């Protein structure tokens, strides 16, 4: 079971890393989410994967460590907040630049250049 679980965590981490290296915004956000899920599962597995052990109730000899579970819960909350922030940031960048490419130039390159010219013109007016 541990070999299958570790293989799946590795596959999730590799898929997340692959998507993180894409040029569009949505695959980057999806890759970041997959990578954080893989990290959460890795932390969760550090508490031991066992069917015979209970979390808290038991005779005291065989017990699962609750610290990795609390770390995973905290990481899930922080990961959700960061994902929401990155999605809002991507929507804002799409609206400002007219492109969802991470460098902002692929699809809306003309519009991005025009936006930069407009910003420079406004800056010179106020200087």
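Residue numbers (the numbering used here): 649 to 775.
Even glycine gets a Cβ: it sits at the ideal position worked out from N, Cα and C.
Nothing here was measured: the structure is a model prediction, and the numbers come from that model.
If you draw a straight line from the Cα of residue 743 to the Cα of residue 727, it comes to about 24 Å. In the DSSP annotation of this structure, the continuous segment of the alpha helix (DSSP H) that includes residue 742 starts and ends at 715-745. The Cβ atoms of residue 723 and residue 686 lie no closer than 8 Å to each other.
Look at residue 672 here: in three-state DSSP terms it is strand. Residue 749 has 672 as its beta-bridge partners, per DSSP.
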